[in-house]
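If you're matching positions, the sequence shown starts at 94 in the numbering used here and goes up one per residue. Even for Gly, the Cβ is constructed at its ideal location relative to N, Cα and C. Presented below is the structure to which this report refers.
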Amino acid sequence: MFQDYLTIYYAYMYTIIMAGGPVVLLIVINSVIVIALKRNKQDNQNDSDILTLVFVVCLFISCNVLVSFSRSLCITK
């Protein structure tokens, strides 16, 4: 019973709420920012600002996903 609780709560619920939720929110907010920047693009603004934003967010998401994945693997063993 206790092992089932650990598996369900720590492996699945923690991963969904603490890792999945912020990642989804970050993707949505980043997409809105990129779309707004593309719409309001001025002549002096280049694409490197948007590209930098996307790379930083992708790096953060990949690190967060790797940590969450390794955490859920350790708990389910």
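Residue i in three-state terms, based on DSSP
i: Asp142; result: helix
i: Asn123; result: helix
i: Asn133; result: coil
i: Met106; result: helix
i: Met111; result: helix
Same chain only: Cβ atoms within 8 Å of residue i, ignoring 5 sequence neighbours per side
i: Asp142; result: Leu130
Test: residue i CB closer than 8 Å to a CB of chain C
i: Gly113; result: Reference to chain C is not applicable here, since this structure consists of a single protein chain.
Cutoff 7 Å; reference residue i; Cβ partners in own chain excluding five residues on either side
i: Leu166; result: none
6 Å CB neighbourhood of residue i in its chain, flanking five on each side removed
i: Ile154; result: Val116
* To do: Determine contact between the region 150-161 and the region 104-121, defined as no fewer than three beta-carbon pairs at a distance below 8 Å.
  => yes
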